[in-house]
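*Asks:*
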Amino acid sequence: MRDEVINYLIKSLKFDAISIKKLDKFCINVLSFNKRYNLISSSTESDIWKRHVLDSAQLVKFIDFTANSSLSDLGSGAGFPGLVLAIYNKNPHFHVKLFEKSKVKGSFLRNMIKDLDISAEIFVGDLKGQDIESNYIVCRAFKKLPEIMRISREKIKKNHKIIILKGKSAQEEVNKALKEKVFEYKLVDSITDKESKILLIDANKSE
Numbered sequence: 001m002r003d004e005v006i007n008y009l010i011k012s013l014k015f016d017a018i019s020i021k022k023l024d025k026f027c028i029n030v031l032s033f034n035k036r037y038n039l040i041s042s043s044t045e046s047d048i049w050k051r052h053v054l055d056s057a058q059l060v061k062f063i064d065f066t067a068n069s070s071l072s073d074l075g076s077g078a079g080f081p082g083l084v085l086a087i088y089n090k091n092p093h094f095h096v097k098l099f100e101k102s103k104v105k106g107s108f109l110r111n112m113i114k115d116l117d118i119s120a121e122i123f124v125g126d127l128k129g130q131d132i133e134s135n136y137i138v139c140r141a142f143k144k145l146p147e148i149m150r151i152s153r154e155k156i157k158k159n160h161k162i163i164i165l166k167g168k169s170a171q172e173e174v175n176k177a178l179k180e181k182v183f184e185y186k187l188v189d190s191i192t193d194k195e196s197k198i199l200l201i202d203a204n205k206s207e
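Given below as structure tokens:
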């Protein structure tokens, strides 16, 4: 599976050889750290390249990395998807920010940024005290959609795009969030799981 994923990353998503080497080292470190601390579910360790790396990497299709802008990953955890996206990014004017509440996971992310020579910032602590102004907000296994939308409304002043990796309950979560505020959205099929979706929202602050 690893070789199949790498082939897809190179041919379909345009990851270069340097990025693949960094992803390889990243995965080795995640699995090693996971023996002591819970970064990812142990049941997914053997399928880390598809379940975590590819699942995260597919988001590059929805992000313009050539722009002078920024991306914030809320609840980065082990670095999926934020660190994978930072590894992909080659534009020094595109900034990747990782927000993680856990000090243990934050320490792991900080070490990975240094060891892999990745251009990214890590912010550890509760979101309440954080500035998360960005053009893109990405989330994976973070919070329920209504809470993410609340954070979007209350903490981010500029127009931005929200990109969320969701499971089979994606439409149900959208329906609940729409009861609080109407917004334009699109659900795209995930390439890693036929029941999973990628939720795309344009958060227009003028509305």
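Position 112 of the sequence shown, counted from 1, bears residue number 112 in the working numbering, the numbering being contiguous throughout.
For each residue, glycine too, the CB sits at the ideal point set by N, CA and C.
Assuming Ser70 and Lys97 make a contact with CB atoms under 8 Å, what is their CB distance in whole Å?
*Replies:* That pair is a contact at about 6 Å.
*Asks:* For Phe142 versus Phe33, is the C-beta spacing smaller than 7 Å?
*Replies:* Not closer than 7 Å, so no.
*Asks:* Across the region 125 to 132 and the region 97 to 106, are there enough close Cβ pairs to call them in contact, namely three or more that are closer than 8 Å?
*Replies:* Yes, the region 125 to 132 touches the region 97 to 106.
*Asks:* Is the region 161 to 174 in contact with the region 190 to 203, if contact means three or more CB pairs nearer than 8 Å?
*Replies:* Touching, yes.
*Asks:* Return yes when the C-beta of His95 is under 6 Å from any heavy atom of the ligand SAH, and no when it is not.
*Replies:* For the structure depicted, the ligand SAH is absent and the ligand set is empty, with no information on it obtainable.
*Asks:* Ile18 and Tyr136: beta carbons closer than 7 Å?
*Replies:* No, Cβ-Cβ distance for Ile18 and Tyr136 is not below 7 Å.
*Asks:* From Lys186 to Leu200, what distance separates their C-alpha atoms?
*Replies:* Straight-line Cα distance between these residues: approximately 5 Å.
*Asks:* Relative to the alpha-carbon of Pro81, which residue among Cys139, Glu173 and Asp3 has its alpha-carbon at the smallest distance?
*Replies:* Of the listed residues, the one whose Cα sits closest to Pro81 is Cys139.
*Asks:* Under the rule that 16 or more other beta-carbon atoms within 10 Å means buried, what is Tyr37, buried or exposed?
*Replies:* Answer is exposed; the Cβ neighbour count stays below 16.
*Asks:* Rounded to the nearest angstrom, what separates Ala78 and Ile191 at their Cα positions?
*Replies:* Their backbone Cα atoms lie some 21 Å apart in a straight line.
*Asks:* Please confirm if the region 170 to 178 is in contact with the region 109 to 123, defined as three or more CB-CB distances below 8 Å between the two stretches.
*Replies:* Cβ pair count under 8 Å is below three, so no.
*Asks:* Which word fits Ser43, buried or exposed, when buried means at least 16 other C-beta atoms lie within 10 angstroms of its C-beta?
*Replies:* That one is exposed.
*Asks:* Take Val60 and list the residues in its own chain whose beta-carbon comes closer than 6 Å to its own, dropping the five residues that flank it on each side.
*Replies:* Once the five neighbours on either side are set aside, the close Cβ partners of Val60 are Leu13 and Tyr88.
*Asks:* Apart from the five residues on each side of it in sequence, which residues of its chain come closer than 8 Å, Cβ to Cβ, to Lys21?
*Replies:* Once the five neighbours on either side are set aside, Lys21 has no close Cβ partner at all.
*Asks:* Between the Cα of Asn91 and the Cα atoms of Phe26, Ile118 and Ile113, which residue gives the shortest distance?
*Replies:* Looking at the Cα atoms, Ile118 is the closest of the given residues.
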